[in-house]
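Plus 3 on top of the position in the sequence shown (first one is 1) and you've got our numbering.
Before any comments, here is the structure.
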Amino acid sequence: MTKRRSKGETQLVSHHDKASPITETATICKTVMRKDDAIALHPFSQVPEFLQINPYIIDGYRVHLSYQSCLKSLFVLSNETINIWTHLLGFIIFAYLLVYDNMYIVPWTFQHLMDRIVVSSTSLFYMSTLLLSTLFHLFHCHSEESYCKWLKIDVRGIGIGIIGGFLSGIYGAYYCHQALLLTYSIASVGIIATSAFVLSRAKDEVINVRVGKMKLTVHRIYTYMLVVAFAFIPIGHFIYINGGFAVAFVRRFAFGAGIMLGWGLLGCLFLIFKFPECLFPGKFDYIASSHQFWHVCVFFLFYSWHHSCIDAVHFRILNQCST
Numbered sequence: 004m005t006k007r008r009s010k011g012e013t014q015l016v017s018h019h020d021k022a023s024p025i026t027e028t029a030t031i032c033k034t035v036m037r038k039d040d041a042i043a044l045h046p047f048s049q050v051p052e053f054l055q056i057n058p059y060i061i062d063g064y065r066v067h068l069s070y071q072s073c074l075k076s077l078f079v080l081s082n083e084t085i086n087i088w089t090h091l092l093g094f095i096i097f098a099y100l101l102v103y104d105n106m107y108i109v110p111w112t113f114q115h116l117m118d119r120i121v122v123s124s125t126s127l128f129y130m131s132t133l134l135l136s137t138l139f140h141l142f143h144c145h146s147e148e149s150y151c152k153w154l155k156i157d158v159r160g161i162g163i164g165i166i167g168g169f170l171s172g173i174y175g176a177y178y179c180h181q182a183l184l185l186t187y188s189i190a191s192v193g194i195i196a197t198s199a200f201v202l203s204r205a206k207d208e209v210i211n212v213r214v215g216k217m218k219l220t221v222h223r224i225y226t227y228m229l230v231v232a233f234a235f236i237p238i239g240h241f242i243y244i245n246g247g248f249a250v251a252f253v254r255r256f257a258f259g260a261g262i263m264l265g266w267g268l269l270g271c272l273f274l275i276f277k278f279p280e281c282l283f284p285g286k287f288d289y290i291a292s293s294h295q296f297w298h299v300c301v302f303f304l305f306y307s308w309h310h311s312c313i314d315a316v317h318f319r320i321l322n323q324c325s326t
């Protein structure tokens with residue numbers, strides 16, 4: 004196998020494996036010609052190990068692109084195009100919601116400056132997660148070093164999204180219980196500070212703990228487990244002090260939480276089982292692969308929880324914090 008360069012990017016060209024029709028087909032790089040560049044797409048068998056994320060995605064890989072070419076590949080159909088655009092469009096939608104909420108929802112619905120801060124910061128948390136995910140999928144093909152760097156950024160972006168959803172949920176649930184709101188907020192800050200410390204101290208080396216070959220350090224896994232486990236404490240307390248599911252507000256908020264968790268569970272199932280491409284390898288290389296469905300589920304998770312938390316605070320205000 005030899006390499007040739009074309010305007011800052013490396014293209015792999017195979018000169019062997021002529022005996023096998025499958026291998027011979029795999030050696031043909033799908034190239035999309037542009038006016039000033041050519042973005043070559045490669046089969047799974049020809050890409051470096053760090054890009055061999057899903058063995059059921061057979062074709063459409065970008066390899067060793069320059070950062071400029073990575074940007075140009077936004078408009079080239081590869082197996083990452085939908086991954087990039089789902090979260091890029093999600094980022095744009097939440098940017099719109101950030102402006103819309105502050106212009107039309109918060110001034111007429113909410114009473115305090117803190118309401119505006121919570122609504123705005125939650126949208127900003129979600130925007131950060133979506134943008135960092137977009138950048139990872141856009142630039143990770145540049146090099147193995149770049150892949151590892153952007154993966155760490157992407158994983159921390161996931162943490163930012165979890166924190167945003169967590170804090171907005173506490174604010175909506177305990178809006179009428181200021182002492183508990185303060186207590187759980189302080190506890191959350193402690194959890195977040197601890198998480199940030201652990202993540203900052205985590206070593207660069209990675210181990211083979213993977214969800215679809217997504218490399219995670221043990222430190223990060225334990226950190227997210229700690230955050231998720233802590234969430235069950237305020238949820239259970241909220242249900243208890245508000246009279247259980249017989250109360251309308253509890254059912255209303257729990258329904259929103261159920262929708263949010265449902266999107267998360269559905270996305271995880273797609274991601275873990277690599278469905279549907281595991282059934283038809285090579286048929287979903289570009290459109291409708293598991294990771295693309297995961298991205299869609301993450302967006303709707305954020306979107307549904309965003310509206311549920313706003314609705315919870317609005318409900319409390321309209322009912323003068325009565326249950």
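Think of the CB as a built atom: it goes at the ideal place given N, C-alpha and C, for glycine as much as any other residue.
This one's a predicted model, so the numbers in the text were calculated from it and none came from an experiment.
Cβ-Cβ distances below 6 Å link Arg-65 to Ser-76, Ser-81, Cys-144 in the same chain, with the five nearest sequence neighbours on each side left out; the list follows chain order. Excluding its 5 nearest sequence neighbours in each direction, Phe-94 has C-beta neighbours in its own chain below 7 Å: Met-130, Leu-133, Leu-134, Thr-137, listed in chain order. Distance from Ile-165 to Val-230 at the Cβ level is roughly 6 Å; contact confirmed, criterion being Cβ atoms closer than 8 Å. Boundaries for His-45: no alpha helix (DSSP H) harbours it, while the beta strand (DSSP E) harbouring it runs 41-45, taken from the DSSP string. When Cys-281, Gly-267, Phe-235 are compared, the shortest CA-CA separation from Tyr-306 is found for Gly-267.
The Cβ-Cβ distance between Trp-297 and Gly-265 does not fall below 8 Å. DSSP places Tyr-177 in the coil class of the three-state scheme, outside both helix and strand. A direct Cα-to-Cα measurement between Gly-193 and Tyr-187 gives close to 10 Å. A residue is called buried when at least 16 other Cβ atoms come within 10 angstroms of its Cβ; Ala-260 meets this threshold and is buried.
Here Tyr-64 carries a strand assignment [DSSP, helix/strand/coil]. In this structure, Glu-147 sits away from Pro-58, with a CB-CB distance that is not shorter than 8 Å.
Its Cα nearest to that of Gly-63, the residue Phe-287 stands out among Arg-119, Phe-287, Val-121. If the five residues before and after Leu-101 are omitted, its C-beta is found closer than 8 Å to the C-beta atoms of Ser-123, Ser-126, Leu-127, Met-130, all from its own chain and listed in chain order.
Secondary structure note for Lys-75: its alpha helix (DSSP H) is the uninterrupted segment 70-75. Assigned with DSSP and collapsed to three states, Gln-49 falls in helix. The criterion of a C-beta distance shorter than 8 Å is satisfied by His-294 and Leu-274.
Excluding five sequence positions before and after Pro-237, the CB atoms of its chain that fall closer than 7 Å to its own CB belong to Ile-173, Ala-176, Tyr-187, given in chain order.
Inter-residue distance for Val-158 and Cys-300 is about 17 Å (C-alpha atoms, whole angstroms). Judged by DSSP secondary structure, Asn-245 falls outside any alpha helix (DSSP H); it is assigned neither H nor E. Distances from the CA of Ser-72 to each of Leu-141, Leu-92, Asn-105 were compared; the closest alpha carbon is that of Leu-141. Excluding the 5 residues flanking it on each side, His-310 has same chain C-beta neighbours closer than 8 Å at Gly-259, in chain order. Exclusion of the five residues before and after Phe-256 leaves Ala-315 as the residues of its chain whose Cβ lies within less than 6 Å of its Cβ.
The C-beta distance from Ile-61 to Phe-47 rounds to 5 Å, short enough to meet the 8 Å contact threshold. Within the same chain, Cβ atoms closer than 7 Å to the Cβ of Arg-319 are found at Tyr-178, Cys-179, the five residues on either side in sequence being excluded. One alpha carbon belongs to Thr-84, the other to Tyr-289, and they sit about 8 Å apart. Excluding the 5 residues flanking it on each side, Pro-284 has same chain C-beta neighbours closer than 7 Å at Tyr-59, Ile-61, in chain order. In the DSSP annotation of this structure, the continuous segment of the alpha helix (DSSP H) that includes Gly-270 starts and ends at 251-276. In this structure, Ile-120 keeps its C-beta atom at 8 Å or more from the C-beta atom of Phe-139.
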